[in-house]
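Below is one structure, written out as structure tokens; comments come after it.
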Amino acid sequence: MVKEELQKWLEKRESKNAEAEKVTLHESRARKVNHFSPLLPDSMLACYRDRFTFTFMLGSEVASIHFDRAKGEVYFRGRNLQNLHLLPEEKEALYAVFPALKRDKRGKSLLPAYEATLERLLADKLSEGVFLHQSLKERK
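Each residue of the sequence shown is one higher than the one before, counting from 26 in our numbering.
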């Protein structure tokens, strides 16, 4: 009798876990981004209410960009952008998100805030703030 109850409990638990996995996958709404840039092949974009995560290959490593509009922060490879010294290809990756956001329904609403936050963070970090502002405008 105990064995039967344990078996029923395990079956019930497995079915709940399977349902939870389905809901999580559906609600995340992550999608593969069309090949818009040879710089970032195999990209994935997940947009939520006030944040997005963009995952891509950079060289031979997986990298990601996280943006949180409410906090006004950008994370690159899990680290706050304010604490990083970026290589040129990493800076390019931060800008390469723009076309993906423009094409995504939810991403369009996050694009102006991401652009402004990125401009602010990099201008604070670099002495070439004016040049950076111009390069952002040129990329539109």
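A virtual CB, placed ideally from N, CA and C, is assigned to each residue, including glycine.
On a predicted model such as this, the values are computed, not experimentally measured, just so you know.
Check: Residue(s) in a DSSP beta bridge with Ser89; Outcome: Thr80
Check: Cβ distance (whole Å) where Glu115 is taken to contact Phe101 below 8 Å; Outcome: 6 Å
Check: Simplified DSSP state of Ala141, which is helix, strand or coil; Outcome: helix
Check: Local conformation of Arg102 per DSSP, three classes; Outcome: coil
Check: Short Cβ contact (8 Å threshold) for Val99 with Thr142; Outcome: yes
Check: Assigned secondary structure, Leu112 (DSSP; H/G/I helix, E/B strand, else coil); Outcome: coil
Check: Through-space distance from Glu36 to Leu126, alpha-carbon basis; Outcome: 42 Å
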